[in-house]
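The block underneath contains the structure these notes are about, expressed in C-alpha cells.
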Amino acid sequence: MQLRFDMRDHTAVSASSASVTPAYKPKTEPPTERDGVRQTFAEINRLIGLDEVKTLFYEVYAYTTVQQRRKREQLKAEPTVLHAIFSGNPGSGKTTVARLMAKLYREMGVLSKGHLVEVERADLVGEFIGHTAQRTREQIRKSLGGVMFLDEAYSLTRGGEKDFGREAIDALVKGMEDHKNDFVLVLAGYRREMQEFLESNPGLRSRFPLHVDFADYSTEELLQIADCMYQERQYQPSEAAMRELERCLLHAKASLPAAVRGNARSVRNLVEASLRMQAVRLTESVTAAMQNKEMLCRIEAVDICSAARRLAQKRQEKCAAGEIIYMNHGEDKITEEISIAYD
Ligand SMILES: Nc1ncnc2c1ncn2[C@@H]1O[C@H](COP(=O)(O)OP(=O)(O)OP(=O)(O)O)[C@@H](O)[C@H]1O
Ligand SMILES: [Mg+2]
Numbered sequence: 000m001q002l003r004f005d006m007r008d009h010t011a012v013s014a015s016s017a018s019v020t021p022a023y024k025p026k027t028e029p030p031t032e033r034d035g036v037r038q039t040f041a042e043i044n045r046l047i048g049l050d051e052v053k054t055l056f057y058e059v060y061a062y063t064t065v066q067q068r069r070k071r072e073q074l075k076a077e078p079t080v081l082h083a084i085f086s087g088n089p090g091s092g093k094t095t096v097a098r099l100m101a102k103l104y105r106e107m108g109v110l111s112k113g114h115l116v117e118v119e120r121a122d123l124v125g126e127f128i129g130h131t132a133q134r135t136r137e138q139i140r141k142s143l144g145g146v147m148f149l150d151e152a153y154s155l156t157r158g159g160e161k162d163f164g165r166e167a168i169d170a171l172v173k174g175m176e177d178h179k180n181d182f183v184l185v186l187a188g189y190r191r192e193m194q195e196f197l198e199s200n201p202g203l204r205s206r207f208p209l210h211v212d213f214a215d216y217s218t219e220e221l222l223q224i225a226d227c228m229y230q231e232r233q234y235q236p237s238e239a240a241m242r243e244l245e246r247c248l249l250h251a252k253a254s255l256p257a258a259v260r261g262n263a264r265s266v267r268n269l270v271e272a273s274l275r276m277q278a279v280r281l282t283e284s285v286t287a288a289m290q291n292k293e294m295l296c297r298i299e300a301v302d303i304c305s306a307a308r309r310l311a312q313k314r315q316e317k318c319a320a321g322e323i324i325y326m327n328h329g330e331d332k333i334t335e336e337i338s339i340a341y342d
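Once you know that position 79 of the sequence shown is 78 in numbering that gives the first Met the number 0, the rest is easy, because the numbers rise by one and skip nothing.
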C-alpha cells in the first residue's frame, strides 16, 4: 500500500522519499484519556490488514493533538488540513475507512459532527448554467461538520469542456477554502483514473495532503474478513466451509481481473448469501423443533457452494441484461463450474 502524508506544507511527499525513513515502528494505539478516541481506534484496529491506514490514523491523531496543545500554549500551530485522496479497487475498504476517519475526527474535536456524506457526480452536477454550483453548495452544506466522500471523482472531468463537472470542482475548491475548519473532502476512485484526474487538474493535488492507496486484499486477508463477518453475526463456519470459501476466492483470482473481483465486498455478498442458503437448508431438512443452537449457527460447505452458485446465477442474469460487463470464465456453465458473483 502506498501512502503519502504531509499536513504541514500542504504538499504531498512522494512514497519513495517516505520509505527511506529509518526503522520506524508504527504505533496504532493512542495513549489518550478520551474514551471516544480509544474506542474509534479499537474499531479501526479491528479491520483486517490495512496496516498503513492504521499507522496513518495514528500519525494524524498525534500531529493534530500536538498542534491543539501548541495552540493552547500560544505557540505557533500549523493548520491541520485533512482533505484526502483514496485510491483503490472496489471493495478495498475506502468507504469503511472514510466513515471511521470522520468518527475519529469528531472524537478528536477536529470536526463538530463526524458524519459521512457519500456523493457522486449526479449529486453535484446540474443540467443548466448555475445549477451545478447551487447543487454542490447544497451537498457541502449537508457535509459541514463532517466528511464529504466523492466516489469516482474523475467522473467530474469526463464530459469534456462544455460539461458542468468543472463547475462542480470549482465549487468544491471554494467550499474547501470557505469551510476549512469544519469540513473534510475525500476524493475516491480507481487508482489509474485518480492519477489521470490529478494530473489533468494540477491545482488540485496540493490541496489534498493525505494520499492513501488501498491495495487489494490477499486471499488470506479475505478469509479473515469472512471469518470476522460470520463472528459478528454469531455464525460459525465449519473448516470445510472455510476451505470451500478459499476455493471460491482462488477461482475468482484466477479468472477475473483484480479491478472487478470486488475484494471484501464480494466476500460480504458471499457471506450474506450463505446465511440465506443455510436458512433454506435448515428449513427444508430439519423440523423447527429439531433446530438446536449449534445448527442455527453452523455454516456448512454446501451453504457456501449454494451461495456461490446463486450469486453466479444472478450475475449471469445481470450480464444478459447488460448491467455488468465482466463475466467469470465458466459462468456460462454454472452447473459444472461454481464461481462468486461480483457487483
Ligand atoms: N479491512 C477490512 N476488514 C473487515 N471488513 C472490511 C475491510 N475492508 C472492507 N470491509 C468490508 O467490505 C465491505 C466493502 O467495503 P467498502 O464499502 O469500504 O469498500 P469500498 O472500497 O468503498 O468499495 P467501492 O469502491 O465499491 O465503494 C464492507 O462491508 C466492509 O465492512
Ligand atoms: Mg465505497
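Ideal Cβ positions, reconstructed from N, Cα and C, are used throughout, including at glycine.
Looking at the backbone, the Cα of alanine 263 and that of arginine 71 are separated by about 42 Å. With a cutoff of 7 Å, lysine 141 does not count as near ligand 2, since its C-beta is closer than that to no heavy atom of the ligand. Ligand 2 never approaches threonine 27 closely enough for any of its heavy atoms to be under 7 Å from the residue's Cβ. With 16 or more other Cβ atoms from the protein chains shown falling within 10 Å of its own Cβ, threonine 39 counts as buried. CA-CA distance, histidine 82 to arginine 140, rounds to 16 Å. Contact between alanine 101 and glycine 113 holds: CB atoms are separated by about 5 Å, below the 8 Å threshold.
Lysine 252 places its beta carbon 8 Å or farther from that of arginine 242.
Contact between the segment 181-198 and the segment 148-159 is present: three or more C-beta pairs spanning the two stretches fall below 8 Å.
In this structure, the alpha-carbon of glycine 87 lies about 31 Å from that of threonine 31.
Between the segment 231-246 and the segment 288-307, the count of C-beta pairs closer than 8 Å reaches three or more; the two stretches touch. The shortest CA-to-CA distance from alanine 258 to any of Leu222, Ala214, Phe207, Ser273 is the one to Ala214. An exposed status is given to isoleucine 128, since fewer than 16 other beta-carbon atoms sit within 10 Å of its beta-carbon. Around the beta carbon of histidine 210, 16 or more other beta carbons sit within 10 angstroms, so the residue counts as buried. Between ligand 1 and the CB of threonine 94, the shortest heavy atom gap is smaller than 7 Å. Between isoleucine 47 and glutamate 220 a beta carbon distance of about 5 Å is seen, short of the 8 Å cut, so the two are scored as contacting.
As computed with DSSP, glutamine 235 is found in a beta bridge with Arg297.
In terms of Cβ geometry, valine 183 and leucine 110 form a close pair [threshold 8 Å].
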